[in-house]
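S.K.: Just dropping this structure here.
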Amino acid sequence: MTTHKCPNMEEFKRILRRHSLKVTPQRVAVHEAMMSLGHASADMVADAIKATDTTKVTVASVYNILTQMAMLGVYQYRLSSNNKMYFDVNTFKHIHFYDQENHVYKDVIDDELVALIESHLGRKKFRGYKLENIDIQLIGRPTRKKYTV
218 MTTHKCPNME EFKRILRRHS LKVTPQRVAV HEAMMSLGHA SADMVADAIK ATDTTKVTVA
278 SVYNILTQMA MLGVYQYRLS SNNKMYFDVN TFKHIHFYDQ ENHVYKDVID DELVALIESH
338 LGRKKFRGYK LENIDIQLIG RPTRKKYTV
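All the letters of the sequence shown, read from the start, carry residue numbers 218 to 366 under our numbering.
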């Protein structure tokens, strides 16, 4: 299984340079916020940057940077039930648990389960299609008791 964790700041800067992108204060601030948040929407990242008061950036700019980084494979993204795009710093194979009430994503790391599902579905034939990826998302809502995933 390929594990690919979020690049640290020096790795992030190398990725930008490798793709002929400037290392701007806005891109650095977005990545710092994402390293801290893990899963976040553009609004959440913009709020985190605003709270640090390190650089000025609009939500639209944050969204564009996040989308660009997702296209480069630095982050993954997923669309939530509230029609917001959420970005994920972990690009390795893992399961997501989505809290549909609070619109929060959490990672569920279970390599054995992911391997079992991939093995099972990898043998299946989908007429007219080639299976390229398996993306597992569990959906739930909080119970009265406070549990953590």
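Idealized CB from N, CA, C, for every residue including glycine.
Mapping DSSP to helix, strand and coil, what is I266?
M.R.: As a first step, residue 266 is located in the sequence shown; it is residue number 49 there, counting from the start. Helix.
S.K.: Give me, in chain order, the residues of the same chain whose beta-carbon lies closer than 7 Å to that of E335; leave out the 5 immediate sequence neighbours on both sides.
M.R.: Translated into positions along the sequence shown, residue 335 becomes position 118. Closer than 7 Å at the Cβ level, and outside the excluded window around E335, lie I351.
S.K.: Does DSSP put Y292 in a helix, a strand or coil?
M.R.: Counting from 1 along the sequence shown, the entry for residue 292 is found at position 75. Of the three classes helix, strand and coil, the one that applies to Y292 here is coil, per DSSP.
S.K.: In terms of residues, what are the limits of the beta strand (DSSP E) holding L355?
M.R.: Start at 1 with the first residue of the sequence shown, and residue 355 comes out as number 138. Per DSSP, L355 belongs to the beta strand (DSSP E) from Q354 to G357.
S.K.: Taking a contact to mean a Cβ-Cβ separation below 9 Å, would you say Y324 touches R358 in this structure?
M.R.: Translated into positions along the sequence shown, residue 324 becomes position 107. Translated into positions along the sequence shown, residue 358 becomes position 141. Note on residue identity: the sequence assigns Asp, not Tyr, to residue 324. Result no, Cβ atoms of D324 and R358 do not sit closer than 9 Å.
S.K.: Starting from the C-beta of N307, find all residues in its chain whose C-beta is less than 7 Å away, skip the five residues before and the five after it, and write them out in chain order.
M.R.: Here residue 307 is taken as the residue at index 90 of the sequence shown, counted from 1. Within the same chain, N307 has close Cβ partners K222, C223 and D324.
S.K.: Could you check where the alpha helix (DSSP H) with D328 kicks off and where it finishes?
M.R.: Here residue 328 is taken as the residue at index 111 of the sequence shown, counted from 1. Per DSSP, D328 belongs to the alpha helix (DSSP H) from D328 to G339.
S.K.: Based on DSSP bridge pairs, tell me the residues matched to I312.
M.R.: Locating residue 312 in the sequence shown gives position 95, where the first residue counts as 1. According to DSSP, which records beta bridges pairwise, I312 is partnered with V325.
S.K.: Applying the 10 Å Cβ sphere with the 16-neighbour rule, what's the burial state of T220?
M.R.: Along the sequence shown, one-based indexing puts residue 220 at 3. Residue placement at T220 is flagged as unreliable, the pLDDT there being 45, under the threshold of 50; a coordinate-derived value is accordingly withheld.
S.K.: Could you spell out where the beta strand (DSSP E) holding F304 opens and where it closes?
M.R.: The count along the sequence shown starts at 1 and reaches residue 304 at position 87. Where F304 is concerned, the enclosing beta strand (DSSP E) stretches over M302 to D305.
S.K.: Give every residue of the same chain whose Cβ lies closer than 8 Å to the Cβ of M218, excluding the five residues on either side of it in the sequence, and list them in chain order.
M.R.: Against the sequence shown, residue 218 aligns to sequence position 1. With a pLDDT of only 40 at M218, under the threshold of 50, the placement of this residue in the model should not be trusted, and no figure is reported.
S.K.: State yes or no: is the C-beta of N299 within less than 9 Å of the C-beta of H320?
M.R.: As a working note, residue 299 is residue 82 in the sequence shown. As a working note, residue 320 is residue 103 in the sequence shown. Yes, they are a contact pair.
S.K.: Specify, as a first and last residue, the run of the alpha helix (DSSP H) that V247 falls within.
M.R.: Counting from one through the sequence shown, the residue named residue 247 turns up at place 30. Here the alpha helix (DSSP H) through V247 covers P242 to L254.
S.K.: Rounded to whole angstroms, what is the Cα-Cα separation between K239 and R361?
M.R.: By 1-based counting over the sequence shown, the position of residue 239 is 22. By 1-based counting over the sequence shown, the position of residue 361 is 144. Straight-line Cα distance between these residues: approximately 48 Å.
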